[in-house]
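Number of protein chains: 2
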Amino acid sequence: MYFPQFIPYSFIEKEASHVEGFSPELALVTVGGGKELEEKLVVRPTSETAHFLPDFYQWANVTRWEMRTKPFIRTLEFLWQEGHTAHATLEEAEKEAMQMIDVYTKFAYEEAAIPVIPGRKSRVETFAGADKTYTIEAMMGDRKALQAGTSHNLGQNFSRAFSTQFADENGQRQHVWQTSWAISTRFVGGIIMTHGDDAGLMLPPRLASVQVVIVPIWKKANEKNEVLDAALSIKDILHTAGIKVKLDDSDQRTPGWKFNFWEMKGVPLRIEIGPRDVSSRSVVVSRRDIPGKPGKVFGISMEPSVLVPYVKEKLDEIQLSLLNKAIAFRDSNIVDVTSYDELKEAISQGKWARGPWVGSDEDELKIKEETGATIRCFPFEQPQGPKTCLMTGSPAEEVAIFAKSY
Amino acid sequence: MYFPQFIPYSFIEKEASHVEGFSPELALVTVGGGKELEEKLVVRPTSETAHFLPDFYQWANVTRWEMRTKPFIRTLEFLWQEGHTAHATLEEAEKEAMQMIDVYTKFAYEEAAIPVIPGRKSRVETFAGADKTYTIEAMMGDRKALQAGTSHNLGQNFSRAFSTQFADENGQRQHVWQTSWAISTRFVGGIIMTHGDDAGLMLPPRLASVQVVIVPIWKKANEKNEVLDAALSIKDILHTAGIKVKLDDSDQRTPGWKFNFWEMKGVPLRIEIGPRDVSSRSVVVSRRDIPGKPGKVFGISMEPSVLVPYVKEKLDEIQLSLLNKAIAFRDSNIVDVTSYDELKEAISQGKWARGPWVGSDEDELKIKEETGATIRCFPFEQPQGPKTCLMTGSPAEEVAIFAKSY
Numbered sequence: 001m002y003f004p005q006f007i008p009y010s011f012i013e014k015e016a017s018h019v020e021g022f023s024p025e026l027a028l029v030t031v032g033g034g035k036e037l038e039e040k041l042v043v044r045p046t047s048e049t050a051h052f053l054p055d056f057y058q059w060a061n062v063t064r065w066e067m068r069t070k071p072f073i074r075t076l077e078f079l080w081q082e083g084h085t086a087h088a089t090l091e092e093a094e095k096e097a098m099q100m101i102d103v104y105t106k107f108a109y110e111e112a113a114i115p116v117i118p119g120r121k122s123r124v125e126t127f128a129g130a131d132k133t134y135t136i137e138a139m140m141g142d143r144k145a146l147q148a149g150t151s152h153n154l155g156q157n158f159s160r161a162f163s164t165q166f167a168d169e170n171g172q173r174q175h176v177w178q179t180s181w182a183i184s185t186r187f188v189g190g191i192i193m194t195h196g197d198d199a200g201l202m203l204p205p206r207l208a209s210v211q212v213v214i215v216p217i218w219k220k221a222n223e224k225n226e227v228l229d230a231a232l233s234i235k236d237i238l239h240t241a242g243i244k245v246k247l248d249d250s251d252q253r254t255p256g257w258k259f260n261f262w263e264m265k266g267v268p269l270r271i272e273i274g275p276r277d278v279s280s281r282s283v284v285v286s287r288r289d290i291p292g293k294p295g296k297v298f299g300i301s302m303e304p305s306v307l308v309p310y311v312k313e314k315l316d317e318i319q320l321s322l323l324n325k326a327i328a329f330r331d332s333n334i335v336d337v338t339s340y341d342e343l344k345e346a347i348s349q350g351k352w353a354r355g356p357w358v359g360s361d362e363d364e365l366k367i368k369e370e371t372g373a374t375i376r377c378f379p380f381e382q383p384q385g386p387k388t389c390l391m392t393g394s395p396a397e398e399v400a401i402f403a404k405s406y
Numbered sequence: 001m002y003f004p005q006f007i008p009y010s011f012i013e014k015e016a017s018h019v020e021g022f023s024p025e026l027a028l029v030t031v032g033g034g035k036e037l038e039e040k041l042v043v044r045p046t047s048e049t050a051h052f053l054p055d056f057y058q059w060a061n062v063t064r065w066e067m068r069t070k071p072f073i074r075t076l077e078f079l080w081q082e083g084h085t086a087h088a089t090l091e092e093a094e095k096e097a098m099q100m101i102d103v104y105t106k107f108a109y110e111e112a113a114i115p116v117i118p119g120r121k122s123r124v125e126t127f128a129g130a131d132k133t134y135t136i137e138a139m140m141g142d143r144k145a146l147q148a149g150t151s152h153n154l155g156q157n158f159s160r161a162f163s164t165q166f167a168d169e170n171g172q173r174q175h176v177w178q179t180s181w182a183i184s185t186r187f188v189g190g191i192i193m194t195h196g197d198d199a200g201l202m203l204p205p206r207l208a209s210v211q212v213v214i215v216p217i218w219k220k221a222n223e224k225n226e227v228l229d230a231a232l233s234i235k236d237i238l239h240t241a242g243i244k245v246k247l248d249d250s251d252q253r254t255p256g257w258k259f260n261f262w263e264m265k266g267v268p269l270r271i272e273i274g275p276r277d278v279s280s281r282s283v284v285v286s287r288r289d290i291p292g293k294p295g296k297v298f299g300i301s302m303e304p305s306v307l308v309p310y311v312k313e314k315l316d317e318i319q320l321s322l323l324n325k326a327i328a329f330r331d332s333n334i335v336d337v338t339s340y341d342e343l344k345e346a347i348s349q350g351k352w353a354r355g356p357w358v359g360s361d362e363d364e365l366k367i368k369e370e371t372g373a374t375i376r377c378f379p380f381e382q383p384q385g386p387k388t389c390l391m392t393g394s395p396a397e398e399v400a401i402f403a404k405s406y
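Here it is, written out as structure tokens:
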């Protein structure tokens with residue numbers, strides 16, 4: 001399915017908090033085919049008000065007016081996948097919304113090696129038009145938080161505004177209960193800023209479009225053929241084994257230049273092969289995530305029965321290692337706080353603060369104003385035991401996570 | 001790659017004939033983030049003026065203001081794939097433009113079973129900003145022509161407007177020679193209107209998302225299990241063989257209802273299986289493209305070694321048969337004409353007219369006004385021998401094809 005990106009302004013207006021939330025971000029088409037339009041058209045910021053199917057799913061571009069843009073993270077136009085579902089009961093909608101944030105969490109951990117924290121947004125941060133917003137929050141290399149995906153329980157807000165009804169078992173018309181959820185090209189920025197270092201990208205093997213780059217090395221012209229032959233046969237072996245492999249056989253650039261180039265591109269593994277390796281029927285394997293000598297292993301046999309399992313194991317190791325490094329980094333940068341002073345201290349050090357919270361919306365906005373931090377989420381994983389709100393001193397049921405964010 | 005869909009109006013204006021051609025079709029964003037914009041933004045009608053890379057390719061939505069829309073064929077917003085290339089010489093650009101129209105022609109014939117006629121557009125019908133436009137023209141079931149894909153040699157028109165230069169072998173700066181080409185969701189409409197009949201869609205097997213539907217048939221409750229078991233095992237056999245197969249095992253609908261439903265959906269082959277078939281370990285196979293009894297074959301063995309090659313052969317037969325039927329239909333509806341009177345006669349009968357042409361742009365526009373037909377193309381495949389222009393009586397080098405079109 002694909003729904004049009006121009007939404008009549010009157011549709012956007014139907015759900016009151018939705019239009020209130022989105023109106024500062026809208027791009028409006030007012031002229032079409034040379035004529036002033038009678039009704040302005042909104043360039044889709046999201047499709048809650050644009051579709052009329054119970055369930056639909058699309059990959060699309062969306063537009064949100066931004067004055068301060070940042071590549072991948074905050075752009076006037078971005079690409080996303082968005083899903084919308086309708087259900088007979090609140091419980092089913094809630095289950096769907098939770099299931100999708102779980103899908104996104106698994107994707108982040110298992111594919112992108114990003115240890116996101118899933119949780120519920122505060123009222124202040126809830127999607128305009130939703131009853132509840134679930135989020136996955138990721139810690140970037142600069143320790144800012146990135147909202148990397150969201151899933152909303154929309155309740156009956158949109159179905160009441162648009163009179164979207166169904167006949168229940170008793171033949172009674174009921175408004176549907178809806179959800180929507182999305183991740184976007186912003187996630188690409190999340191991958192870059194979670195794993196990248198000063199040498200460039202560092203891509204998790206499961207998402208890398210090139211998992212292994214082969215760099216042949218020769219000095220004398222008479223070495224070239226045998227080295228290239230061996231490199232090509234290694235490429236075939238790995239390709240046949242289902243590994244995404246690239247042979248950089250150009251003779252315009254030196255091996256050193258190629259090393260830097262493919263490191264910058266984030267390729268997880270590099271295989272080097274020179275004349276001496278050809279003689280010994282072995283190769284050198286270097287890991288992108290461990291710079292220099294420590295990440296280099298010499299004398300790995302070219303035999304498929306040795307090389308293929310070795311490469312696959314290394315790719316798995318790198319995948320896991322990136323995740324573990326990111327988990328350690330995340331956990332060493334979250335501070336448990338019990339008072340507003342401790343919270344301010346943590347935030348001023350660039351860290352995330354986690355503490356019990358039953359504050360009001362005003363309290364939350366005050367923290368934002370005074371520290372720049374917002375409630376990223378009430379994490380699903382909560383500590384046991386009695387809690388006291390860091391701001392009000394009242395008994396609290398949950399901890400919230402506070403951080404500066406993109 | 002992906003380029004933004006909002007193009008500053010001043011960019012569109014840079015190539016004079018481009019803006020002249022597109023300005024009646026533009027949607028303009030004049031308000032962003034609640035403020036009147038200093039410069040209007042055009043919602044991408046195409047990306048010649050939106051990109052700054054030598055070569056790029058994207059799947060995207062584009063917007064062209066249309067007052068009279070028709071699903072798939074002419075819509076205010078549509079999806080397409082667009083490619084843009086830059087070359088050092090006119091010859092290379094010409095070669096690329098021709099190669100792409102050839103790619104589209106092959107796709108139309110081999111995948112969509114649509115016998116398009118490839119050729120060159122007249123000056124009047126050339127893309128706004130191009131030196132030459134190549135097209136594939138398809139005859140729909142109502143005998144109207146559909147421009148199903150185009151490839152443009154843009155010359156240096158855009159590179160001069162945007163100062164897109166390169167350094168040649170002698171270090172001299174030269175303007176690049178460019179091409180662009182696209183097919184769109186309109187092609188989906190072409191498939192529907194080429195092959196469809198009163199019962200619904202008829203999809204060419206190579207493009208069908210379901211190639212075979214299995215409809216199990218039972219009357220008594222005790223027959224259900226054995227029929228469903230057999231149906232499921234047939235599904236597995238076909239699926240394993242790489243055939244896109246669907247088992248419609250719902251018990252909400254009768255077999256007759258399912259037959260109609262999947263015919264409407266255009267599924268090329270239907271397999272029916274009832275209790276007697278289970279006993280004889282055989283099935284009934286029905287072709288979508290041959291209605292009723294003549295398209296039905298009884299007693300095809302369920303043995304994988306028989307069933308799989310049989311189904312594959314039938315799918316190939318249907319693919320070829322759809323193409324041949326469309327070729328026969330097309331050829332019986334193109335009339336060779338030698339005078340304007342003959343042309344008018346052919347067009348008034350709803351046919352396409354093919355005749356020698358060296359008329360002026362004014363002559364061409366006169367034909368459009370008087371008959372509703374336009375020059376669809378000068379086909380690449382030209383008849384031999386001397387020719388006399390059907391309109392002017394002057395010696396002509398080429399025949400053109402005239403038709404009413406979508």
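Going line by line, the protein sequences match chains B and Z.
Final position of the first sequence in full-length UniProt numbering is 406; the numbers increase by one with none missing.
Final position of the second sequence in full-length UniProt numbering is 406; the numbers increase by one with none missing.
A virtual CB, placed ideally from N, CA and C, is assigned to each residue, including glycine.
All values derive from a computational prediction rather than experimental measurement.
{"Query": "Should I217 (chain Z) and V245 (chain Z) be called a contact, given that it needs their Cβ atoms to be closer than 8 Å?", "Result": "no"}
{"Query": "Between I243 (chain Z) and the rest of its own chain, which residues show a CB-CB distance below 8 Å, the 5 nearest in sequence each way excluded?", "Result": "Q211, V212, V308, V311, K312, L315"}
{"Query": "Give me the residue from Z:G274, Z:G190, Z:Y57 with the minimum Cα distance to E226 (chain Z).", "Result": "Z:G274"}
{"Query": "Would you kindly check if the distance between the Cβ of E77 (chain B) and the Cβ of Q58 (chain B) is under 8 Å?", "Result": "no"}
{"Query": "Run through DSSP, which three-state label would H152 (chain Z) get?", "Result": "strand"}
{"Query": "Check the C-beta distance from F72 (chain B) over to T185 (chain B) and give it rounded, since I have them as a contact under 8 Å.", "Result": "6 Å"}
{"Query": "Shortest alpha-carbon distance to I300 (chain B) belongs to which of B:A108, B:R281, B:A50, B:T135?", "Result": "B:R281"}
{"Query": "At 4 residues or longer, what runs of the alpha helix (DSSP H) sit wholly inside the region 289-313 of chain B?", "Result": "none"}
{"Query": "Are the CB atoms of F22 (chain Z) and I12 (chain Z) nearer to each other than 8 Å?", "Result": "yes"}
{"Query": "Using CA atoms only, rank isn't needed, just tell me which of Z:R354, Z:E39, Z:A86 is closest to K8 (chain Z).", "Result": "Just to set this straight, residue 8 (chain Z) is Pro in the shown sequence, not Lys. The shortest Cα separation from P8 (chain Z) among Z:R354, Z:E39, Z:A86 belongs to Z:E39."}
{"Query": "Within the 8 Å Cβ cut-off, does F158 (chain Z) reach chain B?", "Result": "no"}
{"Query": "Taking all protein chains shown into account, do 16 or more other C-beta atoms lie within 10 angstroms of the C-beta of T133 (chain B), making it buried, or fewer, making it exposed?", "Result": "buried"}
{"Query": "I need the straight-line Cα distance from S250 (chain B) to F261 (chain B), nearest angstrom please.", "Result": "13 Å"}
{"Query": "Kindly identify the DSSP beta-bridge partner or partners of P216 (chain B).", "Result": "B:I273"}
{"Query": "Whole angstroms are fine: how far does the CA of Q5 (chain Z) sit from the CA of P255 (chain B)?", "Result": "40 Å"}
{"Query": "Counting only C-beta atoms, is V210 (chain B) closer than 8 Å to chain Z at any point?", "Result": "no"}
{"Query": "Quick one: which residues of the region 8-38 of chain Z get their C-beta closer than 8 Å to a C-beta of chain B? List them in chain order.", "Result": "S23, P24, E25, L26, A27, L28, V29, T30, V31, G32, G33, G34"}
{"Query": "Pull up the DSSP beta-bridge partners for C377 (chain B), would you.", "Result": "B:I401"}
{"Query": "How many angstroms separate the CA atom of W80 (chain Z) from the CA atom of W181 (chain Z)?", "Result": "10 Å"}
{"Query": "In angstroms, rounded to a whole number, what distance separates the CA positions of W65 (chain B) and E36 (chain Z)?", "Result": "12 Å"}
{"Query": "I'd like to know whether the C-beta of Q5 (chain Z) is nearer than 8 Å to at least one C-beta of chain B.", "Result": "yes"}
{"Query": "Can you find at least 3 beta carbon pairs, one from the region 135-148 of chain Z and one from the region 103-112 of chain Z, that sit closer than 8 Å?", "Result": "yes"}
{"Query": "Within its chain, find whatever has a CB closer than 6 Å to the CB of E15 (chain Z); leave out the 5 residues flanking it on each side and keep chain order.", "Result": "G129, N157, F158, A161"}
{"Query": "Bridge partners for M139 (chain Z) per DSSP, in chain order?", "Result": "Z:A145"}
{"Query": "For the beta strand (DSSP E) that L28 (chain B) lies in, which residues bound it at each end?", "Result": "27-32"}
{"Query": "Return the first residue and the last residue of the alpha helix (DSSP H) that N61 (chain Z) is part of.", "Result": "It is not in any alpha helix (DSSP H) - N61 (chain Z) instead sits in the beta strand (DSSP E) that spans 56-63."}
{"Query": "To the nearest angstrom, how far is the alpha carbon of D236 (chain Z) from that of L247 (chain Z)?", "Result": "10 Å"}
{"Query": "Which chain B residues are close to Y2 (chain Z), counting only those with a beta carbon under 7 Å from its beta carbon?", "Result": "L79"}
{"Query": "Got a sec? Which residues, its chain only, sit under 6 Å from G119 (chain Z) by beta carbon, not counting five neighbours each side?", "Result": "C377, F378, P379, F380"}
{"Query": "What first and last residue would you give for the alpha helix (DSSP H) that runs through G190 (chain B)?", "Result": "186-195"}
{"Query": "List the endpoints of the continuous beta strand (DSSP E) containing P118 (chain B).", "Result": "117-120"}
{"Query": "Among B:L269, B:L343, B:K219, B:L90, which residue has its Cα nearest to the Cα of R253 (chain B)?", "Result": "B:K219"}
{"Query": "Would you call E370 (chain B) buried or exposed, if buried means 16 or more other Cβ atoms sit within 10 Å of its Cβ?", "Result": "exposed"}
{"Query": "Hey, out of Z:V297, Z:N170, Z:I271, Z:S305, whose CA is closest to A88 (chain Z)'s CA?", "Result": "Z:N170"}
{"Query": "Please check the pair V103 (chain B) and A148 (chain B), which I expect to be a contact at CB under 8 Å, by giving their CB distance rounded to whole angstroms.", "Result": "Rounded, the Cβ-Cβ distance is 13 Å, inconsistent with contact."}
{"Query": "Spatial neighbours of M100 (chain Z) within its chain, please: C-beta separation below 6 Å, excluding the five flanking residues on both sides.", "Result": "S151, W181"}
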